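Participant: I'd like to ask some things about the structure below.
Chains as they are written, first to last, in the numbering used here: chain A, 37 to 794; chain B, 639 to 788.
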């Protein structure tokens with residue numbers, strides 16, 4: 037199975053999506069349609085596999101006679117608002133009354149829904165066009181049905197608020213009244229389908245409240261651990277304290293003596309390398325309820341063979357990584373001759389940047405529920421990637437994927453953690469072993485000890501400046517244990533994909549560029565966290581650019597604009613040694629446009645009042661970083677009070693994400709991204725000693741709280757009608773360097789290591 | 639194991655539990671009320687916040703044996719129809735992102751407004767400092783509390 041990196045998207049879904057009218061047989065399977073209605077399927081095949089119309093209902097959209105439009109949400113909801121944004125596009129395009137739209141979550145099934153990997157900020161990017169086409173198809177079918185009923189020309193009818201109207205005669209019919217007639221019509225030609233102009237949308241491009249709002253504020257929303265099955269038991273697992281360790285012996289008498297504890301079951305771990313899909317070795321305590329399982333676990337007596345990682349010290353590794361970046365590395369991008377630039381330089385600035393391991397810290401710790409009956413496994417889980425969970429469960433349990441069903445609950449935060457299915461596999465293995473419905477509940481300590489961490493990193497940058505104060509050379513060394521090393525111990529360098537996240541795509545017009553990587557090993561599980569290696573790359577690059585601007589006596593905003601030079605489309609042709617991923621998109625479809633980057637820089641400067649004179653207890657910092665095909669510039673303002681305490685009164689973002697589908701959710705992603713970025717910059721760090729994570733809970737792994745949070749976060753969205761790109765991750769990377777640059781302005785101290793205390 | 643009589647959302651409930659079982663697990667596992675969330679188990683994140691009388695408490699760290707006769711209010715009992723001024727304000731400001739921590743945030747805010755019906759921004763920040771939100775909805779929470787306190 038291909039490791040499912042967030043930034044990989046194999047084929048464009050847009051070109052292979054297909055809308056179809058399901059067979060009569062499938063139609064009848066939908067109970068709610070017994071009284072007639074319209075049913076449309078869309079297949080999002082990412083493979084060349086031919087869509088058949090006879091298998092289980094691949095339903096996307098249905099209209100029942102009571103005028104309810106039901107739309108399947110096939111992507112996982114974790115706070116980004118996707119359960120609202122994608123159905124909104126369908127509803128708006130078809131002219132449905134949004135208040136009569138019902139959203140149903142689709143289970144994990146690639147044959148039905150295509151790619152469901154909710155990661156990499158690509159849901160809107162990938163599905164905007166298919167959603168429009170689905171909505172337009174339904175609209176056209178309904179209009180045709182109405183026109184036939186009234187014997188009028190279809191072009192004289194309109195669809196709005198779930199009603200088709202013939203203006204001339206004043207006749208109206210609801211979608212519900214027309215649905216059965218529409219079902220009998222042939223599918224309109226997909227190539228000549230008329231899509232609404234962006235300006236005609238009533239929901240798209242506006243603030244639309246999320247559909248789960250009422251459930252969220254009343255406690256009715258169902259997250260992973262909230263699913264309750266009859267007879268369900270709870271498992272809490274003692275996992276290996278060191279990745280790759282094995283359990284040699286254990287005594288469970290103490291655990292079994294705890295009232296409510298039923299069983300102790302061993303889970304065989306994957307050893308080393310740990311892999312992205314497998315559970316860690318552990319001992320599960322199964323009990324009537326969570327508390328008994330927790331108390332039972334405390335009473336276990338386990339002997340571990342700790343293995344190769346038992347001497348691992350993350351601080352020592354950072355030191356040796358630091359040393360390695362001073363040597364020659366493996367060249368990953370080369371333009372011009374950096375050595376020559378260095379020789380000719382009037383000034384060379386050399387800086388080292390460091391960032392720690394980060395844990396995702398979703399407030400909902402991982403949890404999953406599994407039930408195994410008659411050879412069939414059913415799962416309920418807060419998962420970003422239900423298909424990967426399904427395949428991983430099938431493999432671990434020796435089942436065919438057809439016998440595994442994954443129901444997706446709401447996710448109490450994801451940020452990349454809940455892409456990995458290890459906790460789902462744990463529940464499945466225990467359900468299979470015991471025959472009981474099992475909920476695996478991770479505690480916060482489990483979550484922080486056994487995460488797939490964002491990798492710690494070192495970067496060493498040399499910048500050369502000539503006698504005329506031009507930046508002539510950029511030599512960036514980057515080293516961090518790669519995500520791939522979690523599955524393959526021979527992966528010693530960051531992958532092309534990881535370098536494509538804000539490093540290899542250094543966009544500035546510098547004549548001599550050399551980017552190099554160095555070897556490092558993974559001694560814990562490495563994964564991806566919101567914006568992935570863009571975090572460290574943006575921190576180093578934007579900090580260094582600020583320092584260079586100062587050295588040559590230029591304003592950093594002006595310096596960035598100058599260095600982007602003329603408007604052009606970047607392709608890095610002939611310079612990049614491996615693949616330039618461009619987040620899985622072609623440069624034709626999603627070009628790298630310096631004009632758009634300059635535009636967000638100018639906008640953020642203007643909105644923040646960049647350059648205005650500030651009192652001595654105030655300072656602004658700037659950073660700009662494109663990631664996930666979205667262009668973002670950021671200005672952070674800091675204030676120091678009379679006691680010396682530093683706060684963040686305001687953050688400004690300018691963002692160009694093409695069409696902003698739900699403007700409110702674009703803003704909320706940026707508001708949250710600023711706060712996520714502030715945690716990364718100032719409070720959070722995971723360290724390992726003797727192979728064990730040193731932080732246990734939110735006292736030692738600190739997240740930003742309300743008093744430390746930026747007081748105002750302004751999000752300036754560039755108006756655009758070009759195809760949309762995602763916004764889940766792009767707010768994060770520029771925040772830390774903008775904050776660090778502001779901190780320097782305020783205090784005179786440059787920041788070279790994250791996190792730093794304000 | 640012992641028997642406890644709890645008053646939760648105005649209803650008397652009998653449960654059998656060990657004395658040290660946190661109120662959170664009594665509510666979630668024994669009474670099957672899922673609006674109160676587990677986040678950290680150490681009173682560090684506030685996801686499990688409920689009211690004990692008029693005071694916000696972290697139910698993950700409150701043993702059931704210490705509840706006594708004090709009335710417990712969970713998110714399910716905050717209002718009849720989800721129309722508490724805070725819930726209405728939360729909807730008006732579209733506060734939640736993933737939604738997970740929000741019930742704890744609302745219960746904590748409810749306790750704040752009981753003791754201080756018109757808090758300043760600074761007072762809100764201090765009162766809400768014990769409730770983590772990883773999605774980063776703090777500013778909208780603050781605005782919603784200000785709206786509800788008007």
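C-beta atoms are modelled at their ideal positions from N, C-alpha and C, and glycine is treated no differently. Everything numeric in this text was worked out from a predicted model, so none of it was measured.
1) Compute the distance between the beta-carbons of residue 796 of chain A and residue 722 of chain A, then report whether it is under 9 angstroms.
2) Determine the DSSP secondary structure at residue 559 of chain A, reduced to helix, strand or coil.
3) Rounded to a whole number of angstroms, what is the C-alpha to C-alpha distance between residue 772 of chain B and residue 606 of chain A?
4) Mind listing the chain B neighbours of residue 710 of chain A? Cutoff is C-beta to C-beta under 8 angstroms, in chain order.
5) From this set, A:551, A:742, A:123, A:278, which residue's C-alpha is nearest residue 714 of chain A's C-alpha?
6) On the DSSP letters alone, give me the boundaries of the alpha helix (DSSP H) that residue 171 of chain A sits inside.
7) So what does DSSP say about residue 19 of chain A, is it helix, strand or coil?
8) Please identify the residue among B:646, B:639, B:719 whose C-alpha is closest to the C-alpha of residue 658 of chain B.
9) Along the segment 438–449 of chain A, what residues have a CB closer than 7 angstroms to any CB found in chain B?
10) Since residue 785 of chain B meets chain A, which of its residues come closer than 8 angstroms, beta carbon to beta carbon?
11) Could you tell me the boundaries of the beta strand (DSSP E) in which residue 671 of chain A lies?
12) Just checking residue 771 of chain A against the ligand MN - is the residue's beta carbon closer than 8 angstroms to any of the ligand's heavy atoms?
13) According to a CB-to-CB cut-off of less than 7 angstroms, which residues of the segment 327–361 of chain A neighbour chain B?
14) Should residue 665 of chain A be flagged as near chain B, meaning a C-beta pair shorter than 9 angstroms?
15) Strictly by DSSP, which residues pair up with residue 407 of chain A?
16) Please confirm whether residue 742 of chain A has its beta-carbon closer than 9 angstroms to some beta-carbon of chain B.
17) In or out: residue 367 of chain A buried (at least 16 other Cβ within 10 Å) or exposed?
18) Output needed for residue 126 of chain A: all residues of its chain with C-beta closer than 7 angstroms, excluding positions within five of it in sequence on either side, in chain order.
19) Tell me the residue span of the beta strand (DSSP E) that contains residue 209 of chain A.
20) By the 9 angstroms beta-carbon criterion, what residues does the segment 707–727 of chain B contribute toward chain A?
21) Pick helix, strand or coil for residue 487 of chain A, following the three-state DSSP scheme.
22) Helix or strand or just coil, what does DSSP make of residue 608 of chain A?
23) For residue 114 of chain A, go through chain B and note every residue whose CB falls closer than 9 angstroms to its CB, in chain order.
24) Consult DSSP for residue 493 of chain A and reduce its assignment to one of helix, strand or coil.
25) My understanding is that residue 666 of chain A touches residue 243 of chain A, with C-beta atoms under 8 angstroms, so please give their C-beta distance in whole angstroms.
26) Identify every run of the beta strand (DSSP E) within the segment 713–761 of chain A, keeping only runs that are complete inside it and at least 3 residues long; order them along the chain.
27) What does the Cβ neighbour count give for residue 552 of chain A, buried or exposed, with the cut at 16 atoms within 10 Å?
28) Cutting at 6 angstroms between CB atoms, please list the residues of its own chain near residue 673 of chain A, excluding the five before and the five after it.
29) Could you tell me which uninterrupted alpha helix (DSSP H) segments, each at least 4 residues in length, are contained entirely in the segment 257–337 of chain A, listed from first to last along the chain?
30) When the Cα atoms are used, what is the spatial distance from residue 710 of chain B to residue 446 of chain A?
31) Roughly how many angstroms separate the alpha carbons of residue 194 of chain A and residue 213 of chain A, rounded to a whole number?
32) Taking 6 angstroms as the limit between beta carbons, can you name the residues of its chain near residue 426 of chain A, skipping five residues before and five after?
33) With a CB to CB cut of under 6 angstroms and the five nearest residues on each side skipped, what residues in its chain are close to residue 653 of chain B?
34) Residues of chain B with a CB under 8 angstroms from the CB of residue 681 of chain A: which are they?
35) Given that a residue counts as buried once 16 or more other Cβ atoms are within 10 Å of its Cβ, and exposed if not, what is residue 204 of chain A?
36) With distance defined between alpha-carbon atoms, name the residue in A:191, A:320, A:762 nearest to residue 470 of chain A.
Facilitator: According to the structure shown:
1) An answer regarding residue 796 of chain A cannot be provided, because it is not within the stretch 37 to 794 covered by chain A.
2) If you number the first chain from 1, residue 559 of chain A lands on position 523. In this structure, residue 559 of chain A counts as coil in the three-state DSSP scheme.
3) Counted from its first residue, the second chain places residue 772 of chain B at position 134. Counted from its first residue, the first chain places residue 606 of chain A at position 570. Distance between the alpha carbons of residue 772 of chain B and residue 606 of chain A is about 35 angstroms.
4) Within the first chain, residue 710 of chain A is the residue found at index 674, counting from 1. Those within 8 angstroms of residue 710 of chain A in chain B are 774.
5) One-based indexing of the first chain puts residue 714 of chain A at position 678. Comparing Cα positions, the closest option is A:742.
6) Within the first chain, residue 171 of chain A is the residue found at index 135, counting from 1. Residues 159–186.
7) This structure cannot speak to residue 19 of chain A, because chain A is shown only from 37 to 794.
8) Looking up residue 658 of chain B in the second chain gives position 20. Of the residues B:646, B:639, B:719, the one whose Cα lies closest to the Cα of residue 658 of chain B is B:639.
9) For the segment 438–449 of chain A, the beta-carbon criterion of a distance under 7 angstroms to any beta-carbon of chain B is satisfied by 446, 447, 448, 449.
10) Within the second chain, numbered from 1, the residue matching residue 785 of chain B stands at position 147. Residues of chain A passing the Cβ test: none, with the nearest at roughly 13 angstroms.
11) Start at 1 with the first residue of the first chain, and residue 671 of chain A comes out as number 635. 666–676 is the extent of the beta strand (DSSP E) around residue 671 of chain A.
12) Because no ligand of any kind appears in the structure shown, any question about the ligand MN cannot be addressed here.
13) Against chain B - using a Cβ distance shorter than 7 angstroms - the residues of the segment 327–361 of chain A are 327.
14) Walking along the first chain from the start, residue 665 of chain A turns up at place 629. No, because no Cβ of chain B sits closer than 9 angstroms to the Cβ of residue 665 of chain A.
15) Taking the first residue of the first chain as 1, we reach residue 407 of chain A at position 371. In DSSP, residue 407 of chain A forms a bridge with A:414.
16) As a working note, residue 742 of chain A is residue 706 in the first chain. Among the CB atoms of chain B, one or more fall inside 9 angstroms of the CB of residue 742 of chain A.
17) The sequence position of residue 367 of chain A within the first chain is 331, counting from 1. The residue is exposed, with fewer than 16 neighbouring Cβ atoms inside 10 Å.
18) Walking along the first chain from the start, residue 126 of chain A turns up at place 90. So the qualifying residues of the chain are 97, 107, 167, 170, 171.
19) Against the first chain, residue 209 of chain A aligns to sequence position 173. DSSP places residue 209 of chain A in the uninterrupted beta strand (DSSP E) bounded by 207–210.
20) Within the segment 707–727 of chain B, the qualifying residues are 712, 713, 714, 716, 717, 719, 720, 722, 724, 725, 726.
21) Here the question's residue 487 of chain A lines up with position 451 in the first chain. Assignment of residue 487 of chain A by DSSP, reduced to helix, strand and coil, places it in the coil class.
22) Numbered from its first residue, the first chain carries residue 608 of chain A at position 572. It is coil, neither helix nor strand.
23) Stepping through the first chain from its first residue, residue 114 of chain A is reached at position 78. Neighbours of residue 114 of chain A in chain B, taken as residues at a C-beta separation under 9 angstroms, are given in chain order as 735, 736, 773.
24) Taking the first residue of the first chain as 1, we reach residue 493 of chain A at position 457. In this structure, residue 493 of chain A counts as strand in the three-state DSSP scheme.
25) Against the first chain, residue 666 of chain A aligns to sequence position 630. Against the first chain, residue 243 of chain A aligns to sequence position 207. Residue 666 of chain A to residue 243 of chain A, Cβ: 19 angstroms. No contact.
26) Runs found: 748–753.
27) Position 516 of the first chain, counted from the start, is the residue given in the question as residue 552 of chain A. By the 10 Å Cβ count, residue 552 of chain A comes out buried.
28) For this step, residue 673 of chain A is matched to residue 637 along the first chain. The beta carbon of residue 673 of chain A lies closer than 6 angstroms to those of 656, 685, 686 in the same chain, with the five residues before and after it left out.
29) Within the segment 257–337 of chain A, the complete alpha helix (DSSP H) runs of at least 4 residues are 289–292, 326–334.
30) The residue labelled residue 710 of chain B in the question sits at position 72 within the second chain. The residue labelled residue 446 of chain A in the question sits at position 410 within the first chain. For residue 710 of chain B and residue 446 of chain A, the gap between their C-alpha atoms comes out near 27 angstroms.
31) The residue given as residue 194 of chain A occupies position 158 in the first chain. The residue given as residue 213 of chain A occupies position 177 in the first chain. In this model, residue 194 of chain A and residue 213 of chain A are separated by some 15 angstroms (Cα to Cα).
32) Here residue 426 of chain A refers to the residue found at position 390 when the first chain is read from its first residue. The residues are 144, 437, 440, 442.
33) In the second chain, counting from the first residue as 1, residue 653 of chain B sits at position 15. 642, 664, 668, listed in sequence order.
34) On the first chain, residue 681 of chain A is found 645 positions in, with the first residue counted as 1. The premise fails here: residue 681 of chain A is roughly 13 angstroms from chain B at the closest Cβ pair, so nothing lies under 8 angstroms.
35) Walking along the first chain from the start, residue 204 of chain A turns up at place 168. Exposed, since its Cβ has fewer than 16 Cβ neighbours within 10 Å.
36) Taking the first residue of the first chain as 1, we reach residue 470 of chain A at position 434. Among A:191, A:320, A:762, the Cα nearest to that of residue 470 of chain A is on A:320.
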